[in-house]
Amino acid sequence: MPSSLRQQHVTTQTLRDMKQRGEKVAMLTAYDFLMAKLLDEAGIDIILVGDSLGNVVQGQATTLLVTLDEMIYHTKIVRRGVSRSLLIVDMPFLSYQVNIDEAVRNCGRVLKETGAEGVKLEGGLPIVETVRRLADVGIPVMGHLGLTPQSVHKFGGYGVRATGEREAEWLLKSAHALEEAGIFSIVLEKIPASLAKRVTSEVTVPTIGIGGGPNCDGQVLVLYDMLGLYEFPGGMAPKFVRRYADLAGTVRVAVRSYIDDLKHGRFPSEEESY
Ligand code: KIV
């Protein structure tokens, strides 16, 4: 890709154009300045400050405990590392579900205080009117259907969603209603590939899969999962997580070598001293 094109800032319009051209959208999560800068420079299209930070940064079992202030803190520091990618923020549990006014106030606060360019909300038909109002006041919204982790207790776990006809129908209906209400894109998490393919072909906005098979318009992974930094309890990573590095192993070897050098008088050397 010519460097003049790579430097252009990604917008919600860029994503629509990419879907039209059949160009895949690449999205990853980030939670701090340094990683965000690396992702941005590598050419990622969308950076999501995911509430997955509850799991991979805070060490919580679910995303439910993440607060709006924590999302704002992480997004502010991510913002400093991003110049080209589209920056989207996950709205945490209970920051947009209570009523539409509160959703507008909280999403607006996130955009005003962080410099992010859009928000992501989990859910289908029940949040359609909220999405419509947000879109009306100029706040770009990314939808999220399928396995929506903020509903883990309702689902009773992190299993594949919409495998039955009823939930699949509900998901399709929700995707159409969210599109009509004004979303610019939609994440499809852990649903059958055939259903994700159908949603992708029926909506005009780009679909971003995570465990949604190869036919989505783009893909997203949690950064620390794909870097092999986060280790799943019992080593049980979901099968959609492809590991592109083993940073946990690299960190362990580096830290052990440092300790060993230090304990055996090999660090610091004369050259490393003043
Ligand atoms: O919180 C998150 O990181 C997400 C993505 C995995 C889609 O919602």
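Quick note: to get our numbering, add 8 to the position in the sequence shown (first position is 1).
Backbone N, C-alpha and C define an ideal beta-carbon position, used for all residues, glycine too.
Owing to the predicted nature of the structure, the values given are computational and were not obtained by experimental measurement.
Could you say which of the options lies nearest to residue i if we only look at CA atoms?
i, options, result
"A201", "A111, I55, G217, E210", "G217"
"T122", "V149, I80, Q105", "I80"
"V207", "L180, F248, G154", "L180"
"H17", "L94, G58, E78", "L94"
"D59", "V136, G242, K128", "K128"
"Y104", "I96, R174, L76, K120", "L76"
"D53", "R141, K32, L231, G167", "K32"
"L235", "T37, R174, N107", "T37"
Look up residue i in the DSSP assignment and give the residues it is bridged to.
i, result
"L94", "I54"
"I216", "V195, G226"
"T37", "L56"
"H152", "G131, V195"
"G126", "I96"
Given a threshold of 16 other Cβ atoms within 10 Å of its Cβ, counted over all protein chains shown, does residue i qualify as buried or as exposed?
i, result
"Y282", "exposed"
"L102", "exposed"
"H82", "buried"
"Q28", "exposed"
"S265", "exposed"
"T138", "buried"
"P276", "exposed"
"N114", "buried"
"Y39", "buried"
"P148", "buried"
"M244", "exposed"
"E187", "buried"
"H152", "buried"
"Q227", "buried"
"I55", "buried"
"V145", "exposed"
What residues in its chain sit with their C-beta under 8 Å from that of residue i, if we drop five residues either side in the sequence?
i, result
"F41", "I85, V86, R88, G89"
"V259", "L237"
"R291", "Absent from the model: residue 291. The displayed extent of the chain is 9 to 282, so no value can be given."
"P222", "A201"
"K198", "G154, L155, Y166, G167, V168, R169, I218, G219, G220, P246, F248"
Let me check you understand the geometry: is the CB of residue i closer than 6 Å to at least one non-hydrogen atom of the ligand KIV?
i, result
"S60", "yes"
"D98", "yes"
"I194", "no"
"V228", "yes"
"T37", "yes"
"I55", "no"
"I135", "no"
"I218", "yes"
Kindly list the residues whose CB is nearer than 7 Å to the CB of residue i, restricted to its own chain and excluding five residues on each side of it in sequence; keep chain order.
i, result
"L72", "F101, Q158"
"A143", "V149, A189, G190"
Ignore the nearest five residues each way along the sequence and tell me which others in residue i's own chain have a CB closer than 6 Å to its CB.
i, result
"Q68", "G62"
"D233", "V249"
"L13", "At L13, the pLDDT of 47 sits below 50, so the modelled position is not reliable; the number obtained from the coordinates is stated separately. Taken in chain order, the list of residues that qualify is empty."
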